[in-house]
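See structure below.
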DNA sequence: CAGAATCCGTGAAGATACTG
DNA sequence: CAGTATCTTCACGGATTCTG
């Protein structure tokens, strides 16, 4: 659904760069019961399912990563993710915003300006990004080794 | 493609629970150039793109998480992920195996038995899972707070 | 500059039935 | 038990067009 019409729901539409009311918009991840994870039979939702739903997308990690460097404007993000079209970027941004990961600040200037930044919850995602980067590097190293050792049947 | 016919390609088909040749099967993530990430203009592939491609799926994280607890048989995994059909699980497993994350050991016993476990590379993913869990928990906490504070518009 | 609306292609995931 | 094969669906993401 995140692709359809949302029509300016949250308070970020008023036109002032406030910084609160990031969360609690009602749009939360569809937290299933972890599909039977044994780690927490108390009935609590599974963090992994939660994370999976957020990271499911093709760009979520990338967007969050770029935003982790600091606030960015719409087209700045586009520049960093050339393969991402405006429509998709908007969807991703709205999705992340709806989940309290990203904050949207509108500056009512003459040239319209909108800045995206990580919320507190989004900031808390940084360690994940950090580990992901570390793992990715390891993966790439392994790949190098595999290439160097390629053809040894 | 990971959904189509693979017809026993890797060496894990021979019938003995060996433990090498996990990697280097040739099937590696399509490492793009990070879509213009400024963090590494040297031309190296982006770890985030790599990770994103692996985590793209709907179940990858869950499967890896369960496997992180220790080796599991096919139906053990199915039991832990009831919503996952056999076909999809097979695809996921093959996908992860092809990327060197998961090892498949076939025990040529009378009741057919196959065990899945994390490879060394898969083990190296554990920190990511750990951080994901930590973040997920934080997200859920935030959600609780938001619910408790709901309606304050 | 920033975003909305719409249509469309792809492919991952699900259901079902069959195999060894 | 541990898959495999096929069909179908549908959400994701892309291209295009239009607005303020």
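Protein chains in written order, with our numbering: chain A, 998 to 1150; chain B, 998 to 1150. Virtual Cβ for every residue (Gly too), placed ideally from N, Cα, C. Quick caveat: nothing in here was measured; it's all calculated off a predicted structure.
Spatial distance of residue i from residue j (CA atoms)
i	j	result
residue 1074/A	residue 1049/B	17 Å
residue 1092/B	residue 1101/B	12 Å
residue 1116/A	residue 1090/B	35 Å
residue 1127/B	residue 1095/B	23 Å
residue 956/B	residue 1112/B	As shown, chain B starts at 998 and ends at 1150. That puts residue 956/B outside it, with no answer to give.
residue 1060/A	residue 1042/B	17 Å
residue 1070/A	residue 1110/A	7 Å
residue 1087/B	residue 1053/B	16 Å
residue 1076/A	residue 1083/A	11 Å
residue 953/B	residue 1136/B	Past the edges of chain B, shown from 998 to 1150, lies residue 953/B, and the structure says nothing about it.
The beta strand (DSSP E) enclosing residue i, as first and last residue numbers
i	result
residue 1104/B	1099 to 1104
N- and C-terminal bounds of the alpha helix (DSSP H) containing residue i
i	result
residue 1050/B	1044 to 1052
Integer-rounded CB distance, given that residue j should sit under 8 Å from residue i
i	j	result
residue 1118/A	residue 1097/A	5 Å
residue 1129/B	residue 1125/A	6 Å
Closer than 7 Å, Cβ to any Cβ of chain A: which residues of the region 1089 to 1101 of chain B, in chain order? 1097
Using a Cβ-Cβ cut-off of less than 8 Å, list which residues of the region 1107 to 1131 of chain B approach chain A; keep chain order. 1118, 1121, 1122, 1124, 1125, 1126, 1127, 1128, 1129, 1130 and 1131
Uninterrupted alpha helix (DSSP H) stretches inside the region 1071 to 1120 of chain A (no shorter than 4 residues): 1071 to 1077, 1083 to 1095 and 1117 to 1120
Quick one: which residues of the region 1053 to 1065 of chain B get their C-beta closer than 7 Å to a C-beta of chain A? List them in chain order. 1053, 1055, 1058, 1059 and 1062
Chain A contacts made by the region 1133 to 1144 of chain B, where a contact means CB separation under 7 Å: Against chain A - using a Cβ distance shorter than 7 Å - the residues of the region 1133 to 1144 of chain B are 1133, 1134, 1135, 1136, 1137, 1139, 1140 and 1143.
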